[in-house]
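Numbering of the sequence shown is given in the numbering used here, commencing with residue 145 and proceeding in unit increments. We treat Cβ as the ideally placed atom computed from N, Cα and C, and that holds for glycine. Being a predicted model, the structure only gives us computed values, none of them experimental.
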Amino acid sequence: MHECRSEVGDVHPSHEWWSCSSSGYHSGVGTSEVSVKERAALNASLTTDYASDDDSDWGEDEWPVERPLPLPEWGCGRPEVNFSTLHHYQRFLARLTHHLHHALADLPYDTLSNFITFSKEFVESRDEYPELLEFYRDYDPPLLPGRYTCVGLAADLATRLSVLETNYPGLKDATYQVSCEEEVKALDWYCSLKEPPVASCIKEHVLLCIRIRVAGRAGVLLFDPGYHVGEPITVMEDGLAPQSGIIKASTTRSEVHRTFQYHFCADNPAFVAWEVVEERDGKPKKKFTSLIHVSRPFLSGVDIAERRNLVETFKTLLGRDDEGHLTCGLYFPIRNCYNTNISFFHQVEGIMKHLRQPLSSFLDDALLEEVEEAVAAVAAGIGRTKNDLQSSLVTLAHLLLDEDLVKQVMELNSAIIKINSSLVT
145 MHECRSEVGD VHPSHEWWSC SSSGYHSGVG TSEVSVKERA ALNASLTTDY
195 ASDDDSDWGE DEWPVERPLP LPEWGCGRPE VNFSTLHHYQ RFLARLTHHL
245 HHALADLPYD TLSNFITFSK EFVESRDEYP ELLEFYRDYD PPLLPGRYTC
295 VGLAADLATR LSVLETNYPG LKDATYQVSC EEEVKALDWY CSLKEPPVAS
345 CIKEHVLLCI RIRVAGRAGV LLFDPGYHVG EPITVMEDGL APQSGIIKAS
395 TTRSEVHRTF QYHFCADNPA FVAWEVVEER DGKPKKKFTS LIHVSRPFLS
445 GVDIAERRNL VETFKTLLGR DDEGHLTCGL YFPIRNCYNT NISFFHQVEG
495 IMKHLRQPLS SFLDDALLEE VEEAVAAVAA GIGRTKNDLQ SSLVTLAHLL
545 LDEDLVKQVM ELNSAIIKIN SSLVT
């Protein structure tokens, strides 16, 4: 690993209450092999139609043959955004919140569209790729404009926040994607590491991060549009103000209550623990913790997180309001078409209406009126036409008639889940 660290003073002395100093890579520092790759990744992340590199010839050191996903890569540390007072930081936070709210309301969370695109291309390429895993290794996952998973949503938000560069010079360099390992069991062991365990991590989720220092105290500012979090998340190393408190998460059903809370791992500023508590009426409380690696930028958002999402066997298409509340959507498991039910939800006069419908009904020429209404309502809520969304569901139904496709997707998903089975427990 090349050394990329440097110490830079206040690079904009005219800003008495704000400055950008570096404890890692920033654009004024000479490049290395790692920082060149990182800068290319950052530039790509700030465009909304980014696709991964078109060279699909993976080396064994990049993607071992026995592993269903490539090995993750991280870049060099990023500069901090410094605020002399809590008041100045809060003013900055208000401006970021404005852009976050627009991003949440403008774009749905969509894991349906990339699955359809991926599956269609595989089916059309079967003469060359009879096995899905072989196709999966050569496939370059695109970020479909306006139809993003967490990776595209984080890149889109970075683009939106970049307009504040004129007010906060250096902000773009301080903004980077970070990786998340979900539902970690071996917390104490994982938090004792300086870096994630490369061979046994999946990194299925991506957030956006800005390193901050408020009145001399270090922390990070996180954004999670992929989990519909409607406010920037401040996590201070000392856990004191302006540390964010418990955040109420949005759910599709009133009987499900979910909260998020964040803090740095003890004595380890490389990881932020994201604690999730879920309560369902009449059922025991569920608790689990995910770990966000915040010390270095994640360079494999498309190659790993987006790629992993393609064969995740639970798909969603979700509309949000500007505070991240779920307003409409659909979700379903990947199964054979005739064994799959698709669930729709949308608001009618302020009340959430739910409808469960066999996916196979979209193979018919005519749909029930209530299904037509649900499709129209969801389409309107995510900025698509009814015909467009209905066409996607018809395509999905036909794809899931392919039993070999379904079988191979489920097998590949199971193989990915086993990656972190070697984690210390």
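Asked: Whole-angstrom distance between Gly468 and Phe432, CA atom to CA atom; Found: 21 Å
Asked: Beta-carbon proximity list for Leu366, same chain, < 6 Å, skipping 5 on both sides; Found: Leu351, Cys353 and Ile377
Asked: Assigned exposure category for Glu224 - 16 Cβ within 10 Å defines buried; Found: buried
Asked: Residue burial classification, Val342 (beta-carbon count within 10 angstroms, cutoff 16); Found: exposed
Asked: Integer-rounded CB distance, given that Pro477 should sit under 8 Å from Phe458; Found: 5 Å
Asked: Proximity of Ala449 and Glu348 at Cβ, strictly below 9 Å; Found: yes
Asked: For Gly445, the three-state DSSP class (helix, strand or coil); Found: helix
Asked: Opening and closing residue of the beta strand (DSSP E) in which Gln405 lies; Found: Val400 to Cys409
Asked: contact_flag[the region 284-294, the region 303-319] where n(CB pairs < 8 Å) is 3 or more; Found: no
Asked: Phe432 - containing beta strand (DSSP E), residue span; Found: Lys430 to His437
Asked: Exposure of Asp284, with buried meaning 16 or more beta-carbon neighbours within 10 Å; Found: exposed
Asked: Run of the beta strand (DSSP E) containing Ala414, from where it starts to where it stops; Found: Asn412 to Arg424
Asked: Buried or exposed by the 16-neighbour rule on C-beta atoms within 10 Å, applied to Trp218; Found: buried
Asked: Extent of the continuous beta strand (DSSP E) to which Glu224 belongs; Found: Pro223 to Phe227
Asked: Touch test, the region 512-522 against the region 460-475, Cβ-Cβ under 8 Å, three pairs minimum; Found: yes
Asked: Coil, strand or helix - Gly363 by DSSP; Found: strand
Asked: Alpha carbon of Ala559 to alpha carbon of Glu547, nearest angstrom; Found: 18 Å
Asked: Which listed residue (Tyr280, Arg500 and Asn258) has its alpha carbon closest to that of Asp87; Found: For the chain, the structure presents residues 145 to 569; residue 87 sits outside this window and is missing.
Asked: Nearest residue (CA-CA) to Gln321, options Cys220, Glu513 and Tyr334; Found: Cys220
Asked: Sub-9 Å separation of Cys576 and Ser444 beta-carbons; Found: Residue 576 lies beyond the range of the chain shown here (145 to 569); nothing can be said about it.
Asked: Alpha carbon of Ile391 to alpha carbon of Phe404, nearest angstrom; Found: 5 Å
Asked: For Arg479 and Leu556, the rounded distance between their alpha carbons; Found: 14 Å
Asked: Collapsed DSSP secondary structure at Ser487 in the structure displayed; Found: strand
Asked: Ile390 - DSSP class collapsed to helix/strand/coil; Found: coil
Asked: Nonlocal neighbours in the same chain, by C-beta distance under 7 Å from Asp621, ignoring five residues either side; Found: Because residue 621 is not part of the residues shown, which for the chain are 145 to 569, the question remains open.
Asked: Top-ranked residue by Cα proximity to Tyr371, from Leu288, Val492 and Thr460; Found: Thr460
Asked: Selected residue, minimal CA-CA separation from Phe506, among Ala523, Ile526 and Thr484; Found: Thr484
Asked: Segment contact, 8 Å Cβ cut-off, at least three pairs: the region 327-342 with the region 204-219; Found: yes
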